[in-house]
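All remarks here apply to the structure that follows.
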Amino acid sequence: MSSPRRILITGANGVLGQATARYFLQRDPDCQVHLGVRERRDQAEALVAEFSGRAFLSPLEITSAEAWSAAISQIEAQSGPLNVLINNAGYHDDSLLATMTAQQWHGVLDANLNAVFIGCQAALKPMMLQRWGRIVNVASLSALHSPAGQTNYAAAKAGVIGLTQSLAKETARLGITVNAICPGHIEGALPAGWTEDQIKAVKRETPMRRFARPEEIAAAVFFLASPEASYITGAALKLDGALV
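Going by this note's numbering, the first residue of the sequence shown is number 47, and it counts up by one from there.
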């Protein structure tokens with residue numbers, strides 16, 4: 047492994063992206079974190095200001111191969127070759143399948159699955175040259191326990207797990223591990239339309255009687271991206287407080 051680690055986190059303006067970036071920056075004083083963002087940048091910009099010289103903005107449209115190539119070239123010019131990729135960006139647009147539009151289907155598949163394919167492909171070249179790398183793909187509990195109204199999102203995240211497991215076999219002898227995490231509900235990142243009664247009901251269904259703190263999910267990502275996790279690859283780690 048080359049030192050310091052150079053890490054790209056997509057969706058870095060959101061709750062989990064922010065928590066993950068902060069977790070790396072606080073616990074690995076030598077790492078350099080590149081915050082993949084598109085339009086919303088306020089939280090990412092604040093983190094760059096707080097960790098000046100170690101955190102950097104990386105403009106990135108995750109569904110564009112050209113944008114990925116440009117971002118990875120920018121990282122190499124700023125810091126050196128990328129060796130850790132956290133595919134965290136994505137969104138859901140829920141609907142019953144009978145009324146789901148083609149845009150809802152394709153948009154969610156593009157952002158949650160196709161973008162992971164493009165990102166992994168772009169990141170592999172510098173990792174293969176170094177013969178070391180860590181890829182962590184953020185899937186979802188919906189991939190394992192698919193709710194009604196999320197056929198697009200559940201299909202995309204299940205595809206992320208399949209991609210992760212297949213790619214892990216392709217890169218196992220190259221020093222590159224590829225893993226996925228499947229978080230359940232996360233504090234601060236709950237569906238916007240949920241009422242207090244819905245939140246209480248879901249907590250009651252969860253054996254731990256609470257949702258995950260963002261830093262608890264970030265801790266799992268941090269470990270999977272570490273040198274010590276060298277024999278873990280192709281895993282899909284469930285992080286749901288025993289909900290499933």
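We put the beta carbon where it would ideally sit given N, CA and C, even for glycine.
Sequence-distant residues of its chain with Cβ nearer than 7 Å to residue i (five each side left out)
i    : result
E107 : R84 and A113
L143 : T197
P237 : none
A275 : T223 and F269
L213 : C166 and V224
Q150 : D139, S141 and N198
From the options, residue whose alpha carbon lies closest to that of residue i
i    : options                   : result
E96  : S110, S104, L71 and Q120  : L71
I222 : V94, V182, A161 and A148  : V182
K284 : A189, Q89 and Y137        : A189
N198 : A214, A161, M146 and A185 : M146
S272 : R180, A111 and A101       : R180
A117 : G136, Q149 and S104       : S104
D156 : A101, H138 and D243       : H138
A111 : A144, Q167 and K246       : Q167
M174 : A218, G99 and P193        : A218
D74  : W151, S119 and A101       : A101
L159 : A201, L54 and S49         : A201
Y277 : K246, D243, V224 and S49  : V224
R86  : D76, A58 and V94          : A58
Beta-carbon separation (whole angstroms), residue i vs residue j, contact threshold 8 Å
i    : j    : result
G165 : L131 : 6 Å
A258 : G230 : 6 Å
I7   : I263 : Look at the range of the chain in this structure, 47 to 290, and you will see that residue 7 is not part of it.
K203 : G280 : About 16 Å separates the two Cβ atoms, so there is no contact after all.
A185 : V61  : Incorrect: roughly 17 Å between the Cβ atoms, too far for contact.
D76  : S119 : At roughly 22 Å, the Cβ-Cβ gap does not stay under 8 Å, so D76 and S119 are not in contact.
I121 : L54  : 6 Å
Beta carbon of residue i nearer than 7 Å to that of residue j
i    : j    : result
D140 : Q196 : yes
G63  : N134 : yes
A266 : A226 : no
A67  : L128 : no
L81  : A92  : no
T241 : L289 : no
Y69  : F269 : no
R52  : S125 : yes
D286 : L187 : yes
Cut-off 8 Å between Cβ atoms - residues of its own chain near residue i, not counting five sequence neighbours on either side
i    : result
F163 : L209
A161 : T56, I108, T109, N133, A135 and G136
A194 : L142
V94  : L81, A101, F102 and L103
Beta-carbon contacts of residue i that lie in its chain and below 6 Å, excluding the five residues immediately before and after
i    : result
R250 : none
A65  : P260, E261 and A264
P172 : P127 and L128
R255 : K249
H191 : V290
Proximity test, residue i beta-carbon vs the ligand FAD heavy atom, cut-off 6 Å
i    : result
E251 : Absent from the structure shown: the ligand FAD. Ligands present: none.
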